[in-house]
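Colleague:
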Amino acid sequence: MKMAFTFTTMQSTMRCLQSTITQRQISAQVFLRVKGYSRWTHRKPSKIVNEKDLYNDQEHTVPQNILQTAQFAFARRQRLKLAEDKKENAKIQEEQREGATLNNDGTPIFTKLDRDDPIISSLMQVVRSRKKDKDDNRILLEGFRLIEDAIKAGCMPEIIIFSRKSDIAKISLPKDGVKLYKLPYQTIQLWSDLTVSPGIMGIFVAPDVSNKEPSPDALPITVICDNVREPGNLGAILRVAAGVGCERVILTKGCVDLWNPKVLRSAAGAHFRVPIYKSQTWSEVQYLISENANIFVADNNSESPVESNVDLGTSSSDSSSSSDSDSSDSEAETDAGSKEGLKNTNKDSTEKSPRDAKLSKSDENADSNEAKVRKQASHNIAEKLPVIPYFGTEYTSNETIIIVGGETEGLSPESVSLATRRDGMRVNVPLTNGVDSLNTGTALGILLFEIKRQFLSRINAI
Numbered sequence: 173m174k175m176a177f178t179f180t181t182m183q184s185t186m187r188c189l190q191s192t193i194t195q196r197q198i199s200a201q202v203f204l205r206v207k208g209y210s211r212w213t214h215r216k217p218s219k220i221v222n223e224k225d226l227y228n229d230q231e232h233t234v235p236q237n238i239l240q241t242a243q244f245a246f247a248r249r250q251r252l253k254l255a256e257d258k259k260e261n262a263k264i265q266e267e268q269r270e271g272a273t274l275n276n277d278g279t280p281i282f283t284k285l286d287r288d289d290p291i292i293s294s295l296m297q298v299v300r301s302r303k304k305d306k307d308d309n310r311i312l313l314e315g316f317r318l319i320e321d322a323i324k325a326g327c328m329p330e331i332i333i334f335s336r337k338s339d340i341a342k343i344s345l346p347k348d349g350v351k352l353y354k355l356p357y358q359t360i361q362l363w364s365d366l367t368v369s370p371g372i373m374g375i376f377v378a379p380d381v382s383n384k385e386p387s388p389d390a391l392p393i394t395v396i397c398d399n400v401r402e403p404g405n406l407g408a409i410l411r412v413a414a415g416v417g418c419e420r421v422i423l424t425k426g427c428v429d430l431w432n433p434k435v436l437r438s439a440a441g442a443h444f445r446v447p448i449y450k451s452q453t454w455s456e457v458q459y460l461i462s463e464n465a466n467i468f469v470a471d472n473n474s475e476s477p478v479e480s481n482v483d484l485g486t487s488s489s490d491s492s493s494s495s496d497s498d499s500s501d502s503e504a505e506t507d508a509g510s511k512e513g514l515k516n517t518n519k520d521s522t523e524k525s526p527r528d529a530k531l532s533k534s535d536e537n538a539d540s541n542e543a544k545v546r547k548q549a550s551h552n553i554a555e556k557l558p559v560i561p562y563f564g565t566e567y568t569s570n571e572t573i574i575i576v577g578g579e580t581e582g583l584s585p586e587s588v589s590l591a592t593r594r595d596g597m598r599v600n601v602p603l604t605n606g607v608d609s610l611n612t613g614t615a616l617g618i619l620l621f622e623i624k625r626q627f628l629s630r631i632n633a634i
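Numbering (the working numbering), first residue to last: 173 to 634.
1) Contact defined as beta carbons within less than 8 Å: I believe leucine 313 pairs with isoleucine 319. What is the distance between those atoms, to the nearest angstrom?
2) From methionine 328 to phenylalanine 563, what does the alpha carbon distance come to, in whole angstroms?
3) Can the beta-carbon of leucine 423 be found less than 9 Å from the beta-carbon of serine 451?
4) Spatial neighbours of valine 435 within its chain, please: C-beta separation below 6 Å, excluding the five flanking residues on both sides.
5) Under the DSSP definition of a beta bridge, which residues are partnered with threonine 312?
6) Quick check on the DSSP output: the alpha helix (DSSP H) that includes arginine 401 runs from which residue to which?
7) With distances taken between CB atoms, is the gap from leucine 590 to alanine 470 smaller than 9 Å?
8) When you compare the CB positions of valine 607 and aspartate 398, do they come within less than 9 Å of one another, or not?
9) Check each candidate in Thr359, Ile360, Gly326 and Val368 and name the one with the smallest Cα separation from valine 377.
10) State the start and end residues of the unbroken alpha helix (DSSP H) segment that holds asparagine 632.
11) I'd like to check one pair, isoleucine 264 with threonine 283: are the Cβ atoms closer than 9 Å?
12) On the DSSP letters alone, give me the boundaries of the alpha helix (DSSP H) that proline 290 sits inside.
13) By how many angstroms is the C-alpha of phenylalanine 334 removed from the C-alpha of methionine 373?
14) Output needed for aspartate 321: all residues of its chain with C-beta closer than 6 Å, excluding positions within five of it in sequence on either side, in chain order.
15) What three-state label does DSSP hand aspartate 348 in the structure shown?
16) Of all the options Gly278, Ile461, Ile631 and Gln626, which has the alpha carbon lying nearest to the alpha carbon of serine 344?
17) Kindly give me the distance between the Cβ atoms of arginine 598 and leucine 628, rounded to whole angstroms, as I take these residues to be in contact under 8 Å.
18) Run through DSSP, which three-state label would threonine 359 get?
19) Provide the residue span of the beta strand (DSSP E) that contains tyrosine 449, from first to last.
20) Who does glycine 577 pair with in a DSSP beta bridge?
21) Going by beta carbon distance, what residues of the same chain come within less than 6 Å of glutamate 622, once the five residues before and after it are set aside?
22) Hey, quick one: how far does the alpha helix (DSSP H) through leucine 590 stretch, first residue to last?
23) Based on the DSSP output, what are the partners of asparagine 466 in its beta bridges?
24) With DSSP collapsed to three states, give me the class of leucine 410.
25) Does phenylalanine 334 come out as helix, strand or coil in the three-state DSSP assignment?
26) Going by DSSP, name the residue or residues bridged to arginine 287.
27) Helix, strand or coil for glutamine 388 per DSSP?
28) In chain order, what residues of the same chain have a beta carbon less than 7 Å from the beta carbon of lysine 342, not counting five sequence neighbours either side?
29) Excluding sequence positions up to five away, which residues of its chain have a Cβ less than 7 Å from the Cβ of tryptophan 363?
30) Whole angstroms is fine: what's the gap from alanine 633's alpha carbon to threonine 572's?
31) What does DSSP give as the partner residues of tryptophan 280 in its beta bridges?
32) Determine the DSSP secondary structure at threonine 424, reduced to helix, strand or coil.
33) To which residues does DSSP link lysine 354 through a beta bridge?
34) Taking Cβ positions only, does glutamine 250 come closer than 9 Å to chain C?
35) What's the call for leucine 620, buried or exposed, on a 16-neighbour Cβ count within 10 Å?
36) Which two residues bound the contiguous alpha helix (DSSP H) that contains proline 433?
Take a look at the structure:
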């Protein structure tokens, strides 16, 4: 019995081993057949299926091309970004309508505009227009220095236009009341008067600078500008008057606009440092100066004929070098600003008849002759005033009035008449080496600093 059980066990074991070997052989055969599939299997297709029919349901939902997928994703991101920007701008505009300029954390609230946005073009056309309405007294200040000087003087801007956030961060802005617009630099450069724009502009309401209080250490000196029409020269006068510490500056009617862009640049912030009375008549001037003031008429060369200007820095060549920063810009601005007017003038002149042309020419000659007669009469009156060099008199005995004439017109008869009635004198700056005149700002600076020297010497002697 025991032997039979052992034999049966051995027989079962052998069968198991034999079946394992058989399975291994079958697996190897299947592997070889699959490896050589292309050699032994026939290629008879059972059905041809069109790709569009197979993937018709997925065509509109999943792009099949990688490039199409990238383009689809980029377009979607752009749409989302535009929607976010539009929403943010709408929110900013709403806050600005409420008057907010800064957030609670001090960051500026601004509106980002495109380069061709109609808001800026219409705004600049109004500010830059030479034919402004009398009620529109807005001025454009360009550059961080001018804007900061105006704010320190108590003038708040209506609008600030900038290209970089770092520029607006330097300005001391109030929390409300100022609109901020961010523009591309190229757009700001397009509207700039400078060759290289600083990238920031401010639109202000022109302040009444005549109400400004003189500085505590101001000297009793008043400068009267008589028909100063060159912007660079007027800016230089204002700059030197503020630098010396004059009590006030008076501009008579006929002077260039006080807020002319070239005057602003050459004055370098002097508008906000000294009281300035603009567009004053000579009857009004008499009420602005004291009765016992000493009047001096600035005369660069007392022995020159009438054709030479008799004011403090007057020659026909002087205007080309009138300021240290605006000679080339002045010509470009004049040419650009008057191009359209010159075209219209030339067109009108070509359409006139010969008779009208002769009448027009005769009128111009009559006006020119009248101006020469007027200048000759003024010169004859001025010749009666005594002449002294700028260092040859005492200026500290009383209030000092300095009258500076224009570049082309010279001293007006009213200014010479005022000096004659007040027993005034002519003051000149002696020159050598054949130089017949100085720049207006340079010559006035020589005279004013001599007056300041005498005041300081008198104070130190006490």
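Note that beta-carbon positions come from the ideal geometry of N, C-alpha and C, so glycine has one too.
Modeller: Result, derived from the coordinates:
1) By 1-based counting over the sequence shown, the position of residue 313 is 141. By 1-based counting over the sequence shown, the position of residue 319 is 147. The pair is a contact, with the Cβ atoms about 5 Å apart (cut-off 8 Å).
2) Locating residue 328 in the sequence shown gives position 156, counting from the first residue. Locating residue 563 in the sequence shown gives position 391, counting from the first residue. When rounded, the distance between both Cα atoms is 43 Å.
3) The residue you call residue 423 lines up with position 251 of the sequence shown. The residue you call residue 451 lines up with position 279 of the sequence shown. Their beta carbons are under 9 Å apart, which means leucine 423 touches serine 451 by this criterion.
4) Your numbering for residue 435 matches position 263 in the sequence shown. Contacts found: Pro403, Leu406 and Gly407.
5) Looking up residue 312 in the sequence shown gives position 140. Reading the sequence as shown, one finds leucine at residue 312 and not threonine. Answer is Ile375.
6) Residue mapping note: residue 401 aligns to position 229 of the sequence shown, counting from 1. First-last for arginine 401: undefined, no H or E at that position.
7) Within the sequence shown, residue 590 is the residue found at index 418, counting from 1. Within the sequence shown, residue 470 is the residue found at index 298, counting from 1. The answer is no: Cβ separation not under 9 Å.
8) Indexing the sequence shown from 1 puts residue 607 at position 435. Indexing the sequence shown from 1 puts residue 398 at position 226. No, Cβ-Cβ distance for valine 607 and aspartate 398 is not below 9 Å.
9) Looking up residue 377 in the sequence shown gives position 205. Residue Gly326 is the option with its Cα nearest to valine 377.
10) Stepping through the sequence shown from its first residue, residue 632 is reached at position 460. That run of the alpha helix (DSSP H) goes 612 to 633.
11) Walking along the sequence shown from the start, residue 283 turns up at place 111. Walking along the sequence shown from the start, residue 264 turns up at place 92. Against a cut-off of 9 Å, the Cβ pair of isoleucine 264 and threonine 283 comes out as a contact.
12) Mapped onto the sequence shown, residue 290 falls at position 118. That run of the alpha helix (DSSP H) goes 290 to 300.
13) In the sequence shown, residue 373 corresponds to position 201, counting from 1. In the sequence shown, residue 334 corresponds to position 162, counting from 1. Going from the Cα of methionine 373 to the Cα of phenylalanine 334 covers about 6 Å.
14) Here the question's residue 321 lines up with position 149 in the sequence shown. Contacts found: Gly441 and Phe444.
15) As a first step, residue 348 is located in the sequence shown; it is residue number 176 there, counting from the start. DSSP places aspartate 348 in strand when its eight states are reduced to three.
16) Counted from its first residue, the sequence shown places residue 344 at position 172. Among Gly278, Ile461, Ile631 and Gln626, the Cα nearest to that of serine 344 is on Gly278.
17) The residue you call residue 598 lines up with position 426 of the sequence shown. The residue you call residue 628 lines up with position 456 of the sequence shown. Not quite, the Cβ-Cβ distance comes to about 25 Å (not below 8 Å), so this is no contact.
18) Within the sequence shown, residue 359 is the residue found at index 187, counting from 1. It is helical.
19) Counting from 1 along the sequence shown, the entry for residue 449 is found at position 277. Segment 448 to 452, the beta strand (DSSP E) holding tyrosine 449.
20) Here residue 577 corresponds to residue number 405 of the sequence shown, with the count starting at 1. The partner list for glycine 577 (beta bridge, DSSP) reads Asp398.
21) As a working mapping, residue 622 is identified with position 450 in the sequence shown. Once the five neighbours on either side are set aside, the close Cβ partners of glutamate 622 are Tyr562 and Phe563.
22) The count along the sequence shown starts at 1 and reaches residue 590 at position 418. First-last of the alpha helix (DSSP H) with leucine 590: 585 to 593.
23) Sequence index remark: in the sequence shown, residue 466 carries index 294 (1-based). Paired residue(s): Thr572.
24) Here residue 410 is taken as the residue at index 238 of the sequence shown, counted from 1. If DSSP states are grouped into helix, strand and coil, leucine 410 belongs with the helices.
25) What you label residue 334 is simply residue 162 of the sequence shown in a count that begins at 1. Reduced to three states, the DSSP call for phenylalanine 334 is strand.
26) Taking the sequence shown and counting its residues from 1, the one referred to as residue 287 is at position 115. According to DSSP, arginine 287 bridges with nothing at all.
27) As a position in the sequence shown, residue 388 is number 216, starting the count at 1. Checking the displayed sequence, the identity of residue 388 turns out to be proline instead of glutamine. Correct three-state label for proline 388: coil.
28) Taking the first residue of the sequence shown as position 1, residue 342 is located at position 170. Closer than 7 Å at the Cβ level, and outside the excluded window around lysine 342, lie Phe316.
29) Here the question's residue 363 lines up with position 191 in the sequence shown. Contacts found: Met296.
30) To locate residue 633, count along the sequence shown from 1; it is residue 461. To locate residue 572, count along the sequence shown from 1; it is residue 400. So the two alpha carbons sit approximately 20 Å from each other.
31) Walking along the sequence shown from the start, residue 280 turns up at place 108. Checking the sequence, you will find proline at residue 280 rather than tryptophan. Note: proline 280 sits in a beta bridge opposite Leu274.
32) On the sequence shown, position 252 is the one that residue 424 refers to. DSSP places threonine 424 in strand when its eight states are reduced to three.
33) The count along the sequence shown starts at 1 and reaches residue 354 at position 182. Partner(s): Lys284 and Phe334.
34) The structure shown contains no chain C; it holds only a single protein chain.
35) Residue 620 sits at position 448 when you count from the first residue of the sequence shown. Label assigned to leucine 620: buried.
36) In the sequence shown, counting from the first residue as 1, residue 433 sits at position 261. Per DSSP, proline 433 belongs to the alpha helix (DSSP H) from 433 to 439.
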